[in-house]
Structure formats: C-alpha cells, structure tokens
Amino acid sequence: MTSVKTLAVVGSGTMGHGIGQLAAMQAIDVRVFDVDSAALDRARSGVRTSLDRFVKKGSISQEQSDNILGRMSFVNDLDKAVSGADVVVEAVPEVLELKQKVFADLDSRADESTLLATNTSQLSITAIASVTSHPERVVGMHFFNPPVMMRLVEIIRGTLTSDEMLDRTVALAEQLGKESVVCQRDAPGFITTRAIMALRLECIRIYEEGIASMEDLDKAMRLAFNHPMGQFELNDYNGLDIALQGSRNLREAYGERFAPPPSLVSRVAAGRLGRKTGGGWYDYPTD
C-alpha cells in the first residue's frame, strides 16, 4: 500500500499540532490549519518546545529537530492546507455540529481520493460523515494525548466506511509507528472511551462515598494495575470538562451507569477543569 507523503491537520490545538508533529517525525510533510493565527503561533511554539525536549534527552539531534519543524507549515488557508494531501485529520473540539461543518467543507475542498479522518474520542463517525457526499472515505482515527508518546491509535469504522479506507488508516497508523485497534461498529464511546469512562466514574464514586482518598485511589491504579497515572491525575491532565461531556454522552447512550458524579459536575461548574486552569481534582501552582 502506498505510504502517505502529505498530511493535513485541521485544528492546531494540543491534539492537532501533536498529530502533526508525530507525522513530521516520520518524514511526512505536514500542513496544520487553523482559522486563528494566534493559535497557529502557539502550535508552532508547542512543537518547538516538544522537539527541544527530545534534543535535550538525546533522542534526536538539533539538525533532526530543525528538519522535523521544517516539514511542518502552519496555515490559515484551508484550500492550501488540504490541496494534494493524502490524508486530512480533523482535530477540532468535541462538538458534533462543529465537526460536521468541518467535514462539509473538506468534502468540497479535498481531492476525491483523500482519506478524511476524525480524531473524535466518542462522537459518531456515521453522523460526522453524513454531511459528506462520499461517507465511505470518512473514518475515525482516535489518537491519545500526547500523540507523539502514546503507542495506540483507535480506528473506528463508520457505517459506510469502505474496506479500502479502513485498510489505509491501519497502514497509516503503522507508518506513524503506532499500534492500532479497530472498532468494527460505530458505537458510542468506541472501545477505549467507554472502558476508561466506566473506570473513571467508579473511582470518583468510591471517593465520594468516603471509602478512599483521591491520592490512594490513584496510587492503587498505578501500583495494582500498572497504570502510568491514576484516574484523578489523568482526568486533570485531559480536562474535567472533557470527562463531564463524555459522561453525559455515554449516559444518553447507555443509561445511568454513566451518569456524571456530583463532585465532577461541581468542579466543572466552579471552573476547576484540571491542569489547564491550575486545578481540578488536585491543585497545580502556576509560579
């Protein structure tokens, strides 16, 4: 199968520029698109900071770092971003209507042979693809944060995703140096979000019931199950607002077992969203 030479990313946030960096590190030419020029500047800076860490650790040379960044362009012209791209990966916020707007745009702008992938962690691939004239080329490609470090890519087949496009996505994951799993049915939460949300919500309930502290629950997850982070630590890293929305989405699909616990709802209402706001379950001093 022909390897990917050019990849476009729509959305320059943490996941977007992380996916772009990952591809550039595998010698793929990358175009990162965003409507916000300031966001593109932050994305470029984020990639440089990440690459500097690799140089400091001795994982890559300064010359390699410069070459990787040199393979990346940061643009606010969507036509320029997607023209001639083998693959476009959408990485905008987890709002169905927003993703549908992006895919309707991509449908008319990207080449007909271009694979269109969404980085959603839980939204319906079929619903996202429904606004396109070629839903068979739309597939879920869920990367994990940070994309450069996490080994897994979760691939999701929409109702109309073709075998060819699914195979191309699996091959792309391999080209990026990742392991992949395939969710064969477009079910809410797919594989990983559904499983981890059940664990996360149960940890929160155990804490709310006074059975164990957050610290001990996180310690138990790390030491008993060899998880690199406990659920409260991981939730702070990814964002409590993301967890709350995920819980509500899965509750709608599967019932009360995914209902958001009160302490999660109250923290989000208070603006305690995790590391990005200086505090979530734990506090993170900014000085």
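In terms of the working numbering, the sequence shown opens at residue -10 and continues consecutively.
A virtual CB, placed ideally from N, CA and C, is assigned to each residue, including glycine.
Only a predicted model underlies this, so the values are computations on that prediction, with no experimental measurement involved.
1) Of all the alpha helix (DSSP H) runs that stay within the bounds of the stretch 78 to 152, which reach a length of 4 or more residues?
2) Give the range of the alpha helix (DSSP H) segment to which T182 is assigned.
3) Is the shortest distance between the beta-carbon of R240 and the beta-carbons of chain C less than 8 Å?
4) Give the range of the alpha helix (DSSP H) segment to which A(-3) is assigned.
5) So F221 is in the alpha helix (DSSP H); what residue range does that whole segment cover?
6) Can you tell me the Cβ-Cβ gap for F313 and S1, rounded? I've got them flagged as a contact below 8 Å.
7) If we ignore side chains and look at the alpha-carbon of each, how far apart do D180 and V142 end up?
8) Would you grab the beta carbon distance between L190 and P250 for me? Rounded to a whole angstrom, and I think it's under 8 Å.
9) Between which residues of its own chain and Q89 is the CB-CB distance below 7 Å, once the five residues before and five after are set aside?
10) Grab the span of the alpha helix (DSSP H) containing V24 for me, first residue to last.
11) Taking all protein chains shown into account, do 16 or more other C-beta atoms lie within 10 angstroms of the C-beta of R294, making it buried, or fewer, making it exposed?
12) So what does DSSP say about S169, is it helix, strand or coil?
13) Just verifying my parser: in three-state terms, what is the DSSP assignment at D272?
14) Since F247 is in the beta strand (DSSP E), which residue starts that stretch and which ends it?
15) Between the Cα of S169 and those of D230, S252, Q51, L155, spot the shortest distance and give me the residue it belongs to.
16) Looking only at C-alpha atoms, which of Y271, K208, H216 sits nearest to L229?
17) For the beta strand (DSSP E) that contains M61, what are its first and last residues?
18) Going by CA-CA distance only, name the one from V84, D100, V76, A99 that's closest to A106.
19) What does the Cβ neighbour count give for L29, buried or exposed, with the cut at 16 atoms within 10 Å?
20) Roughly how many angstroms separate the alpha carbons of P82 and G5, rounded to a whole number?
21) To the nearest angstrom, how far is the alpha carbon of A248 from that of I231?
22) Measure the C-alpha to C-alpha separation of M210 and D94 and round it to an integer number of angstroms.
23) For the alpha helix (DSSP H) holding L262, just list the boundary residues, first then last.
This is what the structure gives:
1) Listed in chain order, the complete alpha helix (DSSP H) runs (minimum 4 residues) inside the stretch 78 to 152 are 85 to 98, 114 to 118.
2) Note, T182: alpha helix (DSSP H), 181 to 197.
3) Checking the listed chains, one finds no chain C in this structure; it contains a single protein chain.
4) DSSP places A(-3) outside any alpha helix (DSSP H); the residue lies instead in the beta strand (DSSP E), whose first and last residues are -5 to -1.
5) For F221, the enclosing alpha helix (DSSP H) begins and ends at 220 to 227.
6) Coverage of the chain is limited to positions -10 through 276, which leaves residue 313 absent and any answer about it impossible.
7) The amino acid at residue 180 is misidentified as Asp; the sequence shows Ile. Separation of I180 and V142 (C-alpha to C-alpha, rounded to the nearest whole angstrom) is 11 Å.
8) Contact between L190 and P250 is confirmed by a C-beta separation of about 6 Å, below the 8 Å threshold.
9) Take Q89, set aside five residues on each side of it, and the residues of its chain with a beta-carbon closer than 7 Å to its own are I117, V120, in chain order.
10) Where V24 is concerned, there is no enclosing alpha helix (DSSP H), because DSSP gives it neither an H nor an E.
11) This structure leaves residue 294 out entirely; the chain is present only between -10 and 276.
12) Per DSSP, reduced to three states, the secondary structure at S169 is strand.
13) Note: D272 maps to strand in three-state DSSP.
14) For F247, there is no enclosing beta strand (DSSP E), as DSSP marks it with neither H nor E.
15) Proximity to S169 across D230, S252, Q51, L155 peaks at L155, based on C-alpha coordinates.
16) Taking only the C-alpha atoms, the option nearest L229 is Y271.
17) Going by DSSP, M61 is part of the beta strand (DSSP E) stretching over 61 to 64.
18) Taking A106 as reference, the option from V84, D100, V76, A99 with the minimal CA-CA separation is V76.
19) With 16 or more other Cβ atoms within 10 Å, it is buried.
20) In this structure, the CA atom of P82 is about 10 Å from the CA atom of G5.
21) Roughly 14 Å between the two C-alpha positions.
22) Between the C-alpha atoms of M210 and D94 there is a straight-line separation of about 43 Å.
23) Careful: L262 lies outside any alpha helix (DSSP H) and carries neither H nor E.
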